[in-house]
Amino acid sequence: MKAHLLLLLLTIAPFAASAQFSSAQRQMNMSNNIVRQQNQMSLQIQRQQRDLANYSSMLATTENKLRTAEKKNEKLSRKLKEKQADLALKQERLSNLKNNNSPEKNITTAEKKTTEAEKKVRETNTKIQTTASQITALKSELEATKKEQEALKAKKEEKKRLKKEKKEAGE
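Throughout the sequence shown, residue numbering follows our numbering, covering 8 to 178 in sequence.
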């Protein structure tokens with residue numbers, strides 16, 4: 008009888024031990040999964056914060072570039088007005104020289120100066136157009152960055168809200 012009891016205990020012992028081990032293993036797996044999820048959430052939050060900081064930095068940089076381009080455009084506009092006034096003055100002098108029957112040498116010199124002034128006006132116009140296109144590109148880049156930043160903020164708020172709801176549901 009004692010032998011049967013001992014044999015029965017020895018036969019059942021591995022099952023009892025494996026049942027305890029299996030239960031402990033399940034608990035360990037569950038706790039590991041919870042820790043893994045928490046780590047993933049914290050990494051995701053850190054990534055979002057880093058992305059948000061990057062977008063803020065991009066926004067500030069683009070705004071600075073935009074301000075610089077606008078100042079450059081204003082400066083070029085002032086220069087254009089000055090060069091146009093200078094061109095008008097040179098054209099007037101040229102027409103006066105032609106009307107007064109001045110020597111050909113003076114007329115040729117005045118024509119060269121007028122041509123140079125026209126060239127400078129065209130160059131300044133080209134620079135203004137280039138700057139204007141840069142301003143347009145920077146404005147569109149700024150708007151796109153703002154939209155991306157707002158989308159990221161909304162996503163972050165949504166995740167916070169879901170996390171809060173999940174936490175409240177768990178309690």
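Just so it is clear, CB atoms sit at the ideal spot from N, CA and C, and this is done for glycine as well.
Just so you know, these numbers come straight off a predicted model, no measurement behind them.
Expected contact under 8 angstroms - CB spacing of L87 and I142 to nearest Å: With 8 angstroms as the limit, L87 and I142 do not qualify as a contact, their Cβ atoms being about 16 angstroms apart.
Where does S109 fall in DSSP's three states? coil
Find the nearest neighbour of L181 within the set Q91, T121, E89, A92, judged by alpha-carbon distance. Nothing about residue 181 can be reported from this structure: the residues present for the chain run from 8 to 178 only.
Quick check on DSSP: helix, strand or coil for M8? coil
What's the C-alpha gap between A144 and K153? 14 angstroms
With 16 other CB atoms within 10 Å as the buried threshold, where does K119 fall? It counts as exposed.
Residues in the same chain with beta-carbon distance under 8 angstroms from K90, minus the five sequence neighbours each way, listed in chain order, please. Hits under 8 angstroms: A124, K127, V128, T131.
With a 10 Å radius around its C-beta and 16 neighbouring C-beta atoms as the bar for buried, classify E115 as buried or exposed. The sequence as given places Thr at residue 115; Glu does not occur at that position. Flag for T115 reads exposed.
Is the distance from the Cβ of A76 to the Cβ of L101 below 9 angstroms? no
Thinking C-alpha only, which one of E164, K146, I41, E165 is nearest T69? When C-alpha distances from T69 are compared across E164, K146, I41, E165, the shortest belongs to K146.
Give me the residue from K167, N40, A10, L59 with the minimum Cα distance to A158. L59
From A95 to R74, what distance separates their C-alpha atoms? So the two alpha carbons sit approximately 32 angstroms from each other.
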